[in-house]
Structures are given as C-alpha cells and as structure tokens.
Amino acid sequence: MPTSLTISVTPREGADAREATLSCPGGDAQACEELARLDRTVFEPVPKDQVCTMILAGPQTATITGRVDGERLDASFSRANGCEEARWQQLLPLLRALDLVE
220 MPTSLTISVT PREGADAREA TLSCPGGDAQ ACEELARLDR TVFEPVPKDQ
270 VCTMILAGPQ TATITGRVDG ERLDASFSRA NGCEEARWQQ LLPLLRALDL
320 VE
C-alpha cells in the first residue's frame, strides 16, 4: 500500500513551520528509505507512566499526518524531555532527508 505523509517542523515557538510531503513509492528516494528504516513504534506517543529525564533538548516540534503502508498516522514530536528527545533522534534522519532540519 502506498505511503503519503505531510511532515511539519517548527524550529521554535512562534516561528513559521517548514513542511514537506512524502509519497512512497515515487517520492524522494532517500526520504522513503529513511522512513522504511524507522521502527514504527517511534510514531506512538510516550506512555503516560513512562519515567523520563526532564531535560529540555530544544524547542523544535514536528507533526506527521497521513498514511504509512495504508495505515492512518497522526504523530507529534518534541524535544521536551529525555523520552521525547529519544523519539526525535530516531526521526532525525527522515527530517534531514526532507531538508526540514539542519
């Protein structure tokens, strides 16, 4: 089943978001490869009872909406604590491939 995503990254509060669309197959080959490498659990929110370090790694946020292999996806990311930062780092190669972060 095809993949069609809208990915939005906001570098800091109040800043304009950078947005990209990704369709696989047929889209950016490198970004599609990075998406295929991701463990799908990265799109799941951090469990409410998860213990996380309370260290802010940065103000960036991201949202990903659409379909991956035909399944609906609506995920949010931040760098607000250690657990969120771990998810961000997993997502980073995809964001770089789409030129959404430096």
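All the letters of the sequence shown, read from the start, carry residue numbers 220 to 321 under the numbering used here. All C-beta atoms in this analysis are idealised placements derived from N, C-alpha and C, irrespective of residue type, glycine included.
Simplified DSSP state of residue i, which is helix, strand or coil
i	result
L292	strand
E238	strand
T272	coil
L224	strand
A299	coil
V320	coil
Residue of the options minimising C-alpha distance to residue i
i	options	result
P264	R298, G277 and D235	R298
I283	A276, F296, L275 and G277	F296
A234	G246, R306 and T280	T280
A366	D293, L224 and R231	The structure shown has nothing for residue 366, since the chain only spans 220 to 321.
T317	T222, P221, V228 and M220	Contrary to the premise, residue 317 reads as Leu rather than Thr in this sequence. Cα-wise, what sits closest to L317 is V228.
R315	R231, C243, A305 and R237	R237
Integer Cβ distance of residue i from residue j, believed to fall under 8 Å
i	j	result
L324	A255	This structure cannot speak to residue 324, because the chain is shown only from 220 to 321.
L319	I226	6 Å
E321	P278	No, E321 and P278 are not in contact; Cβ-Cβ is about 14 Å, not under 8 Å.
Taking contact to mean 3 or more Cβ pairs, one atom from each stretch, closer than 8 Å, check whether the segment 287-294 and the segment 253-265 are in contact.
yes
For the structure I just gave you, are there three or more beta carbon pairs, one from the segment 271-279 and one from the segment 299-309, closer than 8 Å?
yes
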